[in-house]
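Undergrad: Residue numbers (the working numbering), protein chains in the order written: chain H, 2 to 245; chain G, 168 to 954.
All residues carry an ideal CB built from backbone N, CA and C; glycine is no exception.
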C-alpha cells in the first residue's frame, strides 16, 4: 500500500501517514481505533474512506484534521509533521490548510449564510470572496438567509462554501450526506465534486455509504482500525449517476 | 425515587459552580436579614431591659433652682408615678495624662444607696461611702478612654474651687447610653464624662441645700405625657424651667431610637435585592438544565415516572442550593450580628448588651428564600412537567434569528462576524439581556450606596469641622455673663480671635405647633462660626428676623416670611413675635439663629453671653489650657479638633466594617450573575464554539465571542448601576434622616471608580473561571452530535 497507486504519477504528496496507531480507554476497556495505518494522499485527489461505524475512519479523519493526536506513528502535511505540532500550530494548520464539512452542518444559527462564510474568510489568508463561495455551491440567491430559514441540503451547501472559501488544500467531509435524504444528498455530493474538479482541492469524504465510492478517484476501506482495501476507480461517476 | 435522588445529587455536584453561586446569593440575603433583624431586636431588648431595670424616667426637666418641697406638688399631679430630684452641674476637669481641660457632668446620687430613677449600674468598684464627699463614681467610657480606674484621682473646678475627687467606682446609667457633652453631637470619650457624686457634697458645693435643678419622673401606665408636661411647665416656670420634655427629646434615647429605626430600614431593602437575584439565577440555570435534559425527561416519562416525580426532581435543583444558602446565611448572619453588636458597644453604653435573635425572624427569612426558590424554579419545572415524552425525544426547534440593528446596509460590511454573533444573541433575547443588566447593576448600586455614606460623612466632617466651625476652643459659661466678659478673655495671652454667642431657651409657636429650643444669638455669621448648609452654601444672618434649620421649620410648619411666636423661658419670660428670615438646610440637629443684638432686644435685658468661641495660638495652647482648667465660671470646654478626631475614629471602624460587608456581598452578587451568565452561554454555545475551533479559530477568538457578550452586558450595567445607586442613596439619605442629622447627598468620583473597578475585577475573575472551561471543549464530540 506504499507508493502511489494512482494514475497521477506526477501528483505531489499532500499527506503522508506512517504507522499510525491510536488507542484510547473507553471506560475500563482499551479500544484500538487505528492499528499501524500507513497511507499517502495526493494533490487534487478525491478519496472516499469507507467503513462501518467503529472501523476507525472518523478517528483517522480527526487526526488528519488536527483535532486528535495518535498514540504512535507520524503524519506529515507536505514537509510539516502534524503529529508533533503544538496546540497553537494545530489551530493555525486548521485555519490555513483544512476545510471541514460536518454531518450536522454546524452552522452558527445567529449568522446568515453569507456571514457563516465570512466567519472563515475573515481569519483566512487568501480567501475567495464569500459571495463567490456561495455562488459555487449554488446559493447566490440565499446569501442573507439564516440557517433556520434554509433546508438541510442548503445548510450543508453553506457549510461546504464555508469550508472552501479559505481555499484549503485539504477538504475533509465527515458523512456529509448522513443527515440528508437521497436527492438532497446527491446535490451536496455534486457540489463537493465540483469543488474538487474546479479548484483542485484534495478531498477526503468519509462515509459508511459504499454507493458514494463510485464518484471517487480512490477508495480506501477501513475495518477494525486497519486498511482492508485501497483501490482506484478507472472512471469517476458523476454524483447524479450514483444510486443508493 | 431513589435513582432520581442520586441523579439530582450527582448533577448538583456537576453544576457545583453555578449552584454555589445561587447558594451564596441566598446566604447573603439571609445573613443580612438575620444579622440586621437580630441587631434590631437585641438593641430593642437591651434598651427595654436596661430602662426597666434601672428605672429610666419618662419625663425630664431642668430648672435653675427649685425648692425641694415642690416635689410633693409634683407627686400630686395625676399620672405621675415617681419623682426624683437631683443637682446636675457641668464643671471643668483636670485629668491626669490629658493636657487639655475636660468637662465633667456632676450628677447627684443619694448618700445611701437606694433605688432611684435613672439609677446607677456599678460596673466595677463600689458605690460612694456616705460621709466621704470626695468619693465619686465615674462613667465607664470616660475612665476607659483616659485609662483611669477606681482608686485614681481627678481634679474638678467646682464653683471656682479646685476639688480633688477619688474615683471609687465605674458606672453606667440608662440616661447616658449615648454619652455626649451638651452642645456637642459626637461623643468625645476622653474629654467628657459623667461623674456621680454625693447629693450632700453637691448641695454644699453649689449652695443648693434644700433645692434641686434637675427633675425626672415616671408616669403611670396610659397617662398622657403632654398633660403632665404642661402642668410641670406651669408649676416651674418661675424657677427658671427650660421646659419639661419626654424621652423623645432626651438626646441619648433619641440617638438609640434613631439607630434602631435605621437598622430596620436596611432589613427591608437589602435582603429583597438578594432574593430577587436568587430568583433570576434559579430561573436561568434551571431553564437551561431542562433544555439540555429534554431527552432525559423523555426517557424518564417513557419508562413510567410521573409528571410529579419529574417536577419534584427539577424543583430539587432549586431547593437544595437554597437550603444550603439558608443554613450558611443564618450562621453567617448570627456571626455578623454578634460582630455588629460589638461595634454598637463602642457607641452605646449599655449595662449589658445582649445578643439575641427571635426564632420567628430566622424562620421568616428561610421561608421567604424558599418561596423565592419556588418562584425562580417555577417556569423551568412547569416546562419539564408539560413536555410530552415524544416531543422531548426530538431536539428543541432551531433557534430563529432575524436581521437586527447591525443589518442596516451601512453597517453590515464593517462589523466583524464575531461581534455580529454577540449582538444577534442579545437581540434575540432582549428580556434576558435586560434582566441580566439589571441584576449586575444592582450589585453596582449596592457598592455605590455602600460607599455613599462615606462621602456623606466626609462632607459632614468638612462642613461641620472646617466650614461651619473654625474655632479651636469653645468655652461654655456656667451662668450667663455680661458683655464685659470679652475683656477678660481678650486679655489672655494666646487668644487670637474671640467671638461670643447667647443661648436663649424659648418655646417657639406657630399655629398649634410648638417646640422647645434654644436660639443662638450670634455676633456675626462671617466670623469663627458661620451658617453653612449641607451643600456647603454659606448664609448670612439677617439684621432682624430668625434663621431656622429646615428640619425645625418643617416641624413647626413655618415658611420664610411668616411670623413666629417666641416665649422666652428665662429672665422676664416675654412673649415676642419674629419673622422667619430664612430656612437653612443644615446637617446636624435643630437650630435657630438670630443676630445677637436683636436677641438681646427681644429678651428685654441688657444682653448676656453664654459661651465664647476662641481661635488660639497653638504655640501657647499649653499655657492657655492650664488657665482654662482653673478658670471659674466655665462649665464646659470643647476642643473642635479633638471632637473631630474622636468622631472620625469612631465612625471609621463602623463604616469600614459595614462597607466591607456590603462590598463583599456586592461582589458575590456580581460574580454570581456574571459567572452564571457566562456558564449558561457556554452551555448554549458549546457546539458552535467547538465548530469555530475546528474551523480554525483560536481559543482567544472564541473566548471573545463567549465573554464579549458578558462584557458588553457588564459595561451596560455599570452606568445603569450608577443611576440606581444614586437613586438608592437618595432614598437612603431620606430614610436615614432624622431630627438629629440629615445626610447630604454627595458622591465622590472615587465612589464611582471604586464600584467600576470592583465590577470589572469580579467580571474578569468570573471570565477566567469560564475561560478555563473553553479548553475542555470536546472538538471531536461536536462533529458527531446533533444539537
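Name, please, each residue of chain H whose Cβ falls closer than 7 Å to the Cβ of residue 865 (chain G).
TA: In chain order: 92.
Undergrad: List the residues of chain H whose Cβ lies closer than 8 Å to the Cβ of residue 455 (chain G), in chain order.
TA: Simply none; closest approach about 16 Å.
Undergrad: For a quick check, are the C-beta atoms of residue 780 (chain G) and residue 640 (chain G) less than 9 Å apart?
TA: Against a cut-off of 9 Å, the Cβ pair of residue 640 (chain G) and residue 780 (chain G) comes out as a contact.
Undergrad: When you compare only the Cα positions, how much space is there between residue 502 (chain G) and residue 887 (chain G)?
TA: Going from the Cα of residue 502 (chain G) to the Cα of residue 887 (chain G) covers about 33 Å.
Undergrad: Please go through the same chain and pick out, in chain order, the residues whose beta-carbon is closer than 8 Å to the beta-carbon of residue 818 (chain G), but skip the five residues on each side of it.
TA: Cβ neighbours of residue 818 (chain G) beyond the five flanking positions: 624.
Undergrad: Find the residues of chain H that neighbour residue 488 (chain G), judging by a C-beta separation of less than 7 Å, and give them in chain order.
TA: Under the 7 Å cutoff, chain H gives no residues; its nearest Cβ is about 31 Å from residue 488 (chain G).
Undergrad: Using a cut-off of 7 Å between C-beta atoms, extract the partners of residue 24 (chain H) located in chain G.
TA: Within 7 Å Cβ-Cβ: nothing; residue 24 (chain H) doesn't reach chain G, min ~15 Å.
Undergrad: With residue 422 (chain G) as the anchor, note down where its alpha helix (DSSP H) starts and where it stops.
TA: Note, residue 422 (chain G): alpha helix (DSSP H), 418 to 459.
Undergrad: When DSSP labels each residue in this structure, what does residue 685 (chain G) get in the three-state scheme?
TA: It is a strand residue.
Undergrad: Return the first residue and the last residue of the beta strand (DSSP E) that residue 363 (chain G) is part of.
TA: 359 to 365 is the span of the beta strand (DSSP E), which, as asked, contains residue 363 (chain G).
Undergrad: Could you give the uninterrupted runs of the alpha helix (DSSP H) lying entirely in the region 599 to 673 of chain G, keeping only those of 4 residues or more?
TA: The region 599 to 673 of chain G contains these whole alpha helix (DSSP H) runs: 652 to 657.
Undergrad: Can you tell me which of G:807, G:345, G:341 puts its alpha carbon nearest to the alpha carbon of residue 630 (chain G)?
TA: Of the candidates G:807, G:345, G:341, the one whose C-alpha sits nearest the C-alpha of residue 630 (chain G) is G:807.
Undergrad: Less than 7 Å between C-beta atoms, sequence neighbours within five positions excluded: which residues of the same chain meet that for residue 860 (chain G)?
TA: The answer, listed in chain order, is 869, 944, 946.
Undergrad: Let me see if you follow: with CB-CB separation under 9 Å, is residue 78 (chain H) close to chain G or not?
TA: With 9 Å as the cut-off, residue 78 (chain H) does not count as an interface residue toward chain G.
Undergrad: For the alpha helix (DSSP H) that contains residue 488 (chain G), what are its first and last residues?
TA: Residues 474 to 514.
Undergrad: Would you call residue 588 (chain G) buried or exposed, if buried means 16 or more other Cβ atoms sit within 10 Å of its Cβ?
TA: Classification for residue 588 (chain G): buried.
Undergrad: Using only CA atoms, which one of H:132, H:139, H:150, H:126 lies nearest to residue 190 (chain H)?
TA: Among H:132, H:139, H:150, H:126, the Cα nearest to that of residue 190 (chain H) is on H:139.
Undergrad: Please report the distance separating the alpha-carbon of residue 940 (chain G) from that of residue 881 (chain G).
TA: Spanning the two alpha carbons is a distance of roughly 20 Å.
Undergrad: Nearest CA to the CA of residue 913 (chain G): which residue from G:847, G:754, G:846?
TA: Comparing Cα positions, the closest option is G:754.
Undergrad: Between the C-alpha atoms of residue 655 (chain G) and residue 509 (chain G), what's the straight-line distance to the nearest angstrom?
TA: Each residue's Cα considered, the two are about 47 Å apart.
Undergrad: Which residues in chain H sit within 9 Å of residue 876 (chain G), going by Cβ to Cβ distance?
TA: Here the premise fails: no neighbours, minimum Cβ distance about 11 Å.
Undergrad: If you run the structure through DSSP and keep just helix, strand and coil, what is residue 47 (chain H)?
TA: Strand.
Undergrad: Between which two residues does the alpha helix (DSSP H) carrying residue 249 (chain G) extend?
TA: Here residue 249 (chain G) belongs to no alpha helix (DSSP H); instead the beta strand (DSSP E) covers 247 to 253.
Undergrad: Mapping DSSP to helix, strand and coil, what is residue 176 (chain G)?
TA: Residue state, collapsed to three classes: helix.
Undergrad: For residue 15 (chain H), count neighbouring Cβ atoms within 10 angstroms of its own Cβ and tell me buried if that reaches 16, exposed if not.
TA: Residue 15 (chain H) is buried by the Cβ-count criterion.
Undergrad: Distance check for residue 549 (chain G) and residue 481 (chain G), CA to CA, integer angstroms please.
TA: C-alpha separation (whole angstroms): 10 Å.
Undergrad: Could you tell me if residue 6 (chain H) is buried or exposed, where buried requires 16 or more neighbouring beta carbons within 10 angstroms of its beta carbon?
TA: Residue placement at residue 6 (chain H) is poorly supported in this model, since its pLDDT is 45, which falls under 50; the coordinates still yield a value, given next. Residue 6 (chain H) comes out exposed.
Undergrad: Given a cut-off of 9 Å, decide if residue 423 (chain G) and residue 344 (chain G) are closer than it, judged by their beta-carbon atoms.
TA: Yes, Cβ-Cβ distance for residue 344 (chain G) and residue 423 (chain G) is below 9 Å.
Undergrad: Consider the Cβ of residue 69 (chain H): report whether some Cβ of chain G lies at a distance smaller than 9 Å.
TA: Yes, residue 69 (chain H) counts as interfacial toward chain G.
Undergrad: Is the number of C-beta pairs between the region 830 to 844 of chain G and the region 181 to 198 of chain G that are closer than 8 Å three or more?
TA: The region 830 to 844 of chain G vs the region 181 to 198 of chain G: in contact.
Undergrad: Quick check on residue 244 (chain H): buried or exposed, where buried means 16 or more other Cβ atoms within 10 Å of its Cβ?
TA: That one is exposed.
Undergrad: Which of helix, strand or coil does DSSP assign to residue 908 (chain G)?
TA: In this structure, residue 908 (chain G) counts as strand in the three-state DSSP scheme.
Undergrad: Relative to chain G, which residues along the region 111 to 133 of chain H have a C-beta separation below 7 Å, given in chain order?
TA: Answer in chain order: 111, 112, 116, 119, 120, 121, 123, 124.
Undergrad: Decide if the region 380 to 398 of chain G is in contact with the region 222 to 242 of chain G; the criterion is three or more beta carbon pairs, one per stretch, under 8 Å apart.
TA: With the cut-off at 8 Å, the region 380 to 398 of chain G and the region 222 to 242 of chain G touch.
Undergrad: Counting Cβ pairs, one atom from each stretch, are 3 or more of them under 8 Å apart for the region 388 to 398 of chain G and the region 271 to 282 of chain G?
TA: With the cut-off at 8 Å, the region 388 to 398 of chain G and the region 271 to 282 of chain G do not touch.
Undergrad: Report yes or no: is there a C-beta of chain H within less than 9 Å of the C-beta of residue 854 (chain G)?
TA: Chain H contact via Cβ: present.
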